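Note that this note's numbering has the sequence shown beginning at -16, numbered continuously upward.
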Amino acid sequence: MSATSISETIGKYRWTICALVFFATTVNYFDRNVLGLLKPVLSEEGIFGADKANQELYYSWVVMSFQIAYAIGMTIAGRFIDWIGTKKGYAYSLLGWSFAAIGHGLAYNTFTFGIWRAALGLTEAGNFPAANKTIAEWFPKKERAYATGIYNSGTNIGAIVTPLFVPWIAMHWGWKWAFIFVGIIGLSWLFFWYRIYASPDQKLKAGKLSQKEYDYIHSDIDEKADVDKATEKVSWAKLLTYRQTWSFFLGKFLTDPVWWFYLFWLPAFLSGENARKIEQFKALNPNFSGDNSDIPGIITWTLAVAVVYTISTIGSVYGGWLPKKFINGGMATYKARKLSMFIYALFPLTVLFASWLGKYNTWYAVLVIGLACAAHQAWSANIFTTVSDMFPKKAVASVTGIGGMAGAVGGILVAQSAGLLLKHYTALGRIEAGYSMLFVYCGLAYVGAWVVMHFLVPRMKRVENL
């Protein structure tokens, strides 16, 4: 857009910045999704040992190595980005996780996979603190949930696209090249980030941002004083004295593990559902000689994963639309945010029936899990935005890091539980019972998180004088 056209309207440069964050988040989830998609291949290769029951446990250890490192990374990522700045902080984080992804190609057993997975978790911890800080710097409150929903939809796009190319690469070139390829994609993003990104102040001075758009970005009355204080630092010790911090902390602790579970175990669940149906059908129809895809209730698991995350994209994009509509209708920001989050918390309850429905038709399980994932993404767009609603910009990345750490710790606990449960029920020949128990948590987590957050910050009062 030319300087002349920008000056004639409010301008849309902030959406270019949002697009950059969207693509970074997409790349972030390319790297995360590869492991779950290649679990069947890696298991066959003996990466997680030869015993099938122990494979579930060893796989959970690899997942936990990522999440432990991610939790540790979150303790420093927000502070690091607040200290070094959004542009450099985001770039260093993505550079690190791209090389860590490539390093997976050097792994040859559970231990070495765990090492590279930990390196990936440590460096990927920078994505969401940097993304959230970027949105807080470039968008007024009323647009933040919508912008957050757009960039957060990158998690879905990454999850949709990776099943379309990762299995193909693994089949034709080997699983090592699948990891290497997604790492190279990440490195290409750095060129555009360094060429395009700068703060609103810098873009205004360079003539790339209109005064109207700059004023619109800083139009929130309670944030006007933040502009000159954006570079000040706030300690974790001080942030942890506020109920607002604990509200975000516990909200993420309870709900993030659900997304981690879907990310790392959904392909295995869907693949297992298909395998059981095929075995049952052939036992009842010994003369069947057709293709497995002709069996009723069967869906290719890679397609099923893509469908789940395609549905969840709707939640990402429109999760921010609902509170924006409420706010534009005159509702107070905190009421709009909480009402939207309560509505979104109800939809995951459908996943309580996922395992039961999957016995009849895999498509039924895919649809309810897709709905639950869409609700998670809508919830996520809003819970991230509560940070910039309740804190000044100088604390956004740090508080986001605290919440991200909490989510990772919750993910560690769920991963360990999943590994033990699935090992136990695999040995009994009833792995579907283990999944049923895990889906109970996935369904109830959001309502529980909403109640906790409401108790801690009923009006989501903004923290002043940090």
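Backbone N, C-alpha and C fix where the C-beta goes; we use that ideal spot for every residue, glycine too. Please read these numbers as outputs of a predicted model, since none were measured by experiment.
Is the beta carbon of V468 sitting closer than 9 Å to the one on A398? Given that the chain is displayed from residue -16 to residue 449, the structure contains no residue 468 and the question cannot be resolved.
Helix, strand or coil at R(-3) according to DSSP, with G and I counted as helix: In the three-state DSSP reduction, R(-3) falls in the helix class (H, G or I).
What first and last residue would you give for the alpha helix (DSSP H) that runs through W158? It spans 158 to 179 - the alpha helix (DSSP H) in which W158 sits, taken as one unbroken run.
Whose CA, out of A258, Q50, F325, A189, lies closest to the CA of E107? The residue with the shortest Cα to Cα distance from E107 is Q50.
So G426 and E196 are in contact, right, with Cβ under 8 Å, and what is the actual spacing, rounded? Rounded, the Cβ-Cβ distance is 42 Å, inconsistent with contact.
Using three-state DSSP, classify L223 as helix, strand or coil. Here L223 sits in coil by DSSP.
With H, G and I counted as helix, E and B as strand and the rest as coil, what does DSSP make of H201? Under the three-state reduction of DSSP output, H201 falls in the coil class, being neither helix nor strand.
Find out if the Cβ-Cβ distance for the pair K159, L89 is shorter than 9 Å. Yes, these two residues count as a Cβ contact at 9 Å.
For the alpha helix (DSSP H) that contains A315, what are its first and last residues? Careful: A315 lies outside any alpha helix (DSSP H) and carries neither H nor E.
Go through its chain and collect everything with a Cβ distance to K35's Cβ below 7 Å, but skip five positions before and after it. Result list for K35: T409, in chain order.
Assuming F122 and G387 are in contact, meaning their beta carbons sit under 8 Å apart, how far apart are those beta carbons, in whole angstroms? Separation of the CB atoms of F122 and G387 is rounded to 20 Å, and the pair is thereby denied contact status at 8 Å.
Rounded Cβ spacing between S295 and P306 (contact assumed at less than 8 Å): S295 to P306, Cβ: 18 Å. No contact.
Short of 6 Å in beta carbon distance, which residues of its chain neighbour V4, apart from the five on each side in sequence? Order them along the chain. Within the same chain, V4 has close Cβ partners A114, T117, Y134.
Sequence-distant residues of the same chain with beta carbon closer than 7 Å to P250, five excluded per side: These residues qualify, in order along the chain: G19, L20, K22, W284, V288.
Just tell me which of R445, T316, G353 has its CA closest to the CA of A378. Residue R445 is the option with its Cα nearest to A378.
With three or more C-beta pairs closer than 8 Å as the rule, is the region 229 to 244 touching the region 403 to 420? No, the region 403 to 420 does not touch the region 229 to 244.
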